[in-house]
Amino acid sequence: MEKIDNLDRKILNIVMRNARIASKDVALECGVSRAAIHQRIQRLIEMNVITGSGYTVDPKILGYNTCTYVGVKLEKGSMYRDVVAELENIKEVVECHFTTGPYSMLIKVYAKDNLDLMKLLNDRIQHIPGVTETETLISLEQSMNRQIDVEQIKSKK
């Protein structure tokens with residue numbers, strides 16, 4: 295893998311704060327040409343350092359007021375991929391992780407309210423073949439949401 299240098303880290307921190315920032319403004323802040331910024335960003339995309347772009351939508355504005363994390367226990371860990379395929383059909387499930395510890399999986403779910411959450415759990419998630427148990431943790435408030443600080447990560451020499 296190609297190395298990430300200090301300029302790459304600076305560019306990443308700038309675009310992570312504002313993905314819509316103009317290349318000329320990034321160039322000005324970094325003290326290099328706009329073409330150099332464009333080339334660096336393209337290289338970071340090709341290296342899969344930058345894996346997406348888009349807008350962040352607030353689920354609450356769309357009526358999804360309940361954010362939950364659900365620990366899911368599976369009959370067998372090998373059923374993970376089949377269960378993921380089923381979870382992908384539930385639009386309220388926005389994250390899924392295969393985990394160690396007491397749960398086979400940890401999923402993040404948005405629901406309109408507690409009644410909607412109960413229906414999602416009882417009528418959809420718990421009916422997926424292989425799911426044996428769920429435990430739900432309701433998020434009362436998201437206190438922090440950030441990306442890794444790339445300026446703190448140094449290149450391997």
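Residues in the sequence shown are numbered consecutively from 295, following the working numbering. C-beta atoms are modelled at their ideal positions from N, C-alpha and C, and glycine is treated no differently. Just so you know, these numbers come straight off a predicted model, no measurement behind them.
When the Cα atoms are used, what is the spatial distance from Asp443 to Tyr404?
Taking the sequence shown and counting its residues from 1, the one referred to as residue 443 is at position 149. Taking the sequence shown and counting its residues from 1, the one referred to as residue 404 is at position 110. Rounded to whole angstroms, Asp443 to Tyr404 spans 27 Å at the Cα level.
Given Gly424, which residues of its chain have a CB within under 8 Å of its CB, disregarding the five upstream and five downstream residues?
Taking the first residue of the sequence shown as position 1, residue 424 is located at position 130. Same-chain partners within the cutoff: Leu368, Glu369, Lys370, Met373, Asp376, Val377.
Measure the C-alpha to C-alpha separation of Ile298 and Leu409 and round it to an integer number of angstroms.
As a position in the sequence shown, residue 298 is number 4, starting the count at 1. As a position in the sequence shown, residue 409 is number 115, starting the count at 1. Approximately 47 Å between the Cα atoms of the pair.
Continuous beta strand (DSSP E) stretch holding Met399: start and end:
Along the sequence shown, read from residue 1 onward, the residue named residue 399 stands at position 105. Element bounds for Met399: 399-405.
Per DSSP, Tyr363 forms a beta bridge with which residues?
Sequence index remark: in the sequence shown, residue 363 carries index 69 (1-based). DSSP lists Lys402, Leu431 as partners of Tyr363.
For Val387, three-class secondary structure by DSSP:
Translated into positions along the sequence shown, residue 387 becomes position 93. The answer is strand: DSSP assigns Val387 an E or B state.
How about Tyr363 and Lys304: do their beta carbons lie closer than 7 Å?
Locating residue 363 in the sequence shown gives position 69, where the first residue counts as 1. Locating residue 304 in the sequence shown gives position 10, where the first residue counts as 1. Their beta carbons are not under 7 Å apart, which means Tyr363 does not touch Lys304 by this criterion.
Could you pull out every residue in the same chain whose Cβ sits closer than 8 Å to the Cβ of Lys406, ignoring the five residues on either side in sequence?
As a working note, residue 406 is residue 112 in the sequence shown. The answer, listed in chain order, is Gly357, Tyr358, Asn359, Thr360.
Any idea what DSSP makes of Asp302, helix, strand or coil?
Sequence index remark: in the sequence shown, residue 302 carries index 8 (1-based). Looking at Asp302 - three-state DSSP - the assignment turns out to be helix.
Less than 7 Å separating the beta-carbons of Ile331 and Leu338?
Translated into positions along the sequence shown, residue 331 becomes position 37. Translated into positions along the sequence shown, residue 338 becomes position 44. For Ile331 and Leu338, no; Cβs fall outside 7 Å.
Is it buried or exposed, Glu427, if we count other Cβ atoms within 10 angstroms and call 16 or more buried?
Position 133 of the sequence shown, counted from the first residue, corresponds to residue 427. Flag for Glu427 reads exposed.
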